[in-house]
Amino acid sequence: MPSILIVDDEEGLLLSLMSAFRMQGYRVEGVETAQGALEALKKEPFDALLTDMIMPGMGGLALMERVRSQFPRIPVVLMTGGATVETALQALKGGAADYVLKPFSLTEILHVVDRALEQSRLRQENLELNELNRRLRELDQVKSDLLSAVTHEFRTPLTVIHGWLDHLLSAGVEALSPGQRESLAAIRGSVLRLGRLIANLLALVESHAGRGVEGADPVSLWELLQSAAASLSAEAAERGVAITLRDAGRPHVVVGDGKQLGLLLLNLLENAVKFSARGGTVLAAVSGSGREVEASITNATGQFPADQIPRLLKPFTQGNMGLTRAAGGLGLGLAVVRAIVQAHGGVLLVETGNEQGATVRVRFPAAQAVAEATPEG
């Protein structure tokens, strides 16, 4: 139940107010002086203070100043019979929650105090939410700093491992037995997958940091798609999934960061392969008009409900995030794709249908259209 401390040197009014608030379910204490109010507040907490403005000794305004200094969370409601505009403004500027003129009805004073308590509650909740948001921002910054440090520190040793594996599989292949070559190829595949995970983490960190496209150069989306398919050929073969590229016939050039766009296509192809049934086919194509270029990846066997799409576009999310899920990964693929698409001013479309698998399309302005839109063009 709410509690209230009432201060008034008129005994009759004080007793009436105490009785009225008790009838409304308040825990009530009443005193006749400001000094008595300060002593009562030191003994136990109250949710609100209702005080007369004009009293012998310390008046209501002086009491309010003391209370605001020592007990800042307690809302103070002032009441007086000798009010002027100046005293009202003084009270409100001094931090009074409200101001009521004598004579007043019990209904009026109850309403004023209830409103002051509600405002105080809302202010306190707002303070708590602000503090929670501050702590969440700090945690988010710690997470971003950690991801950034981890990804940068992992890339150097991973590059060394990758380089030596390539050297062993090429220069020293004659000296290796078939079993050794197979083992090194498996290690190389794992290194490539780990490299993609690190690249995705780094792309996510850069996106959260507000970093846009670092380099804006003409790049062929068709060549990037071919490169991505080649990188995933061994993994697709291991899973029994075929990747079919529809010959674009043209390079289909866009303006952007080649590494980011390559990662985007790699993520889309990897997801399509990962969630395909054995024996399935992934169809990848690039097409375009004179104004835009579109890359589409179709998974003929994998499906997911359309209502899951918004959730799947969030970082660290898959359709099934259980430890026994069939497909591994951090659930970053589509989130990173969306970030790269947005950074390049493109459009991301996800389509899914009954027994039709899923298709993801990304569209970007064609390089020619970008050139025509610039002053130089």
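The C-terminal position of the sequence shown is numbered 420 in this note's numbering, with every residue numbered one higher than the one before it. Backbone N, C-alpha and C fix where the C-beta goes; we use that ideal spot for every residue, glycine too. In this text, all values refer to a predicted model and were calculated from it rather than measured experimentally.
Inset, instruction - Please look up how many angstroms separate the CB atoms of T142 and L121, rounded, as I've assumed it's under 8 Å. - result: Reading off the sequence, residue 142 comes out as Tyr, not Thr. About 5 Å; that satisfies the 8 Å criterion.
Inset, instruction - Throw me the rounded Cβ distance for the V71 and M61 pair, which I believe falls under 8 Å. - result: 5 Å
Inset, instruction - Determine contact between the stretch 297–315 and the stretch 215–231, defined as no fewer than three beta-carbon pairs at a distance below 8 Å. - result: No, they do not touch.
Legend entry - Own chain residues within Cβ distance below 7 Å of H295, not counting five before or after: S263, L264, W265, V329, G331, V336
Legend entry - Beta-bridge pairing of A91 - partner residues as DSSP gives them: I47
Inset, instruction - Check the DSSP bridge columns for M122 and list the partner residues they point to. - result: D95, V143
Legend entry - Proximity of L149 and A63 at Cβ, strictly below 8 Å: yes
Inset, instruction - Report yes or no: do three or more beta-carbon pairs, one from the stretch 272–280 and one from the stretch 308–325, lie closer than 8 Å? - result: yes
Inset, instruction - Taking only runs that begin and end inside the stretch 266–314, name each unbroken alpha helix (DSSP H) of 4 or more residues, in chain order. - result: List check, alpha helix (DSSP H) in window: 276–282.
Legend entry - Residue range of the beta strand (DSSP E) that includes S330: 324–331
Inset, instruction - Specify, as a first and last residue, the run of the alpha helix (DSSP H) that R70 falls within. - result: Not the alpha helix (DSSP H): R70 falls in the beta strand (DSSP E), residues 70–74.
Inset, instruction - Have a look at G238, G299, G124 and flag the residue whose alpha-carbon is nearest the alpha-carbon of S274. - result: G238
Legend entry - Contacts around F197, its chain only, beta-carbon distance under 6 Å, and the 5 residues preceding and following it disregarded: I241
Legend entry - Sequence-distant residues of its chain with Cβ nearer than 8 Å to G388 (five each side left out): F407, P408
Inset, instruction - Can you grab the Cα-Cα spacing for the pair D183 / L235, in whole Å? - result: 28 Å
Inset, instruction - Would you mind sorting R116 into buried or exposed? The rule is 16 or more other CB atoms within 10 Å of its CB. - result: exposed
Inset, instruction - State yes or no: is the C-beta of L48 within less than 8 Å of the C-beta of L84? - result: yes
Inset, instruction - Check whether the Cβ atoms of M98 and T76 sit closer than 8 Å, and answer yes or no. - result: yes
Legend entry - Whether N342 touches G283 by CB criterion (8 Å): no
Inset, instruction - Excluding the 5 residues preceding and the 5 following E108 in the sequence, name in chain order all residues of the same chain whose CB lies nearer than 7 Å to its CB. - result: So the list reads G137, once near-sequence residues are dropped.
Inset, instruction - Please classify E181: does DSSP put it in a helix, a strand, or coil? - result: helix
Legend entry - P261 (DSSP reduced to helix, strand or coil): In the structure shown, P261 adopts extended strand secondary structure according to DSSP, grouped into three states.
Inset, instruction - Leaving aside the five residues before and after L392 along the sequence, list all residues of the same chain whose C-beta is less than 6 Å from its C-beta, in chain order. - result: R404
Inset, instruction - Excluding the 5 residues preceding and the 5 following T367 in the sequence, name in chain order all residues of the same chain whose CB lies nearer than 6 Å to its CB. - result: Interpretation of T367 is limited by its pLDDT of 39, a score under 50 that renders its predicted location unreliable; the figure taken from the coordinates is listed afterwards. Once the five neighbours on either side are set aside, T367 has no close Cβ partner at all.
Inset, instruction - Inspect the beta-carbon positions of V439 and D95 and report whether they are closer than 8 Å. - result: Here the chain covers residues 44 to 420 and nothing more, so residue 439 does not appear.
Legend entry - Inter-residue Cα distance where the pair is I152 and T123: 12 Å
Legend entry - Residue closest to L56, alpha-carbon to alpha-carbon, out of E82, Q78, G68, L93: L93
Inset, instruction - Locate the alpha helix (DSSP H) running through F421, then write down its first and last residues. - result: No answer is possible for residue 421: it lies beyond the span of the chain, which begins at 44 and ends at 420.
Legend entry - Contacting residues, own chain, Cβ-Cβ under 8 Å from L201 (five flanking each side not counted): Excluding residues up to 5 positions away in sequence, V234, L237, G238, I241 lie with their Cβ nearer than 8 Å to the Cβ of L201 in the same chain.
Inset, instruction - From the DSSP output, read off the bridge partner residues of T341. - result: According to DSSP, which records beta bridges pairwise, T341 is partnered with L326, T402.
Inset, instruction - Assign F407 to one of three DSSP states: helix, strand, or coil. - result: strand
Inset, instruction - Would you decide whether R177 is buried or exposed? Buried here means 16 or more other CB atoms lie within 10 Å of its CB. - result: exposed
Inset, instruction - Examine the ligand GDP and report whether any of its heavy atoms sits within less than 7 Å of the Cβ of R282. - result: Among the ligands in the structure shown, none appear at all, so the ligand GDP cannot be discussed.
Legend entry - R381 versus L326: straight-line alpha-carbon distance, rounded: 20 Å
Inset, instruction - Consult DSSP for L219 and reduce its assignment to one of helix, strand or coil. - result: Three-state DSSP puts L219 in coil, outside helix and strand.
Inset, instruction - Return yes when the Cβ of P261 is within less than 8 Å of the Cβ of A410, no when it is not. - result: yes
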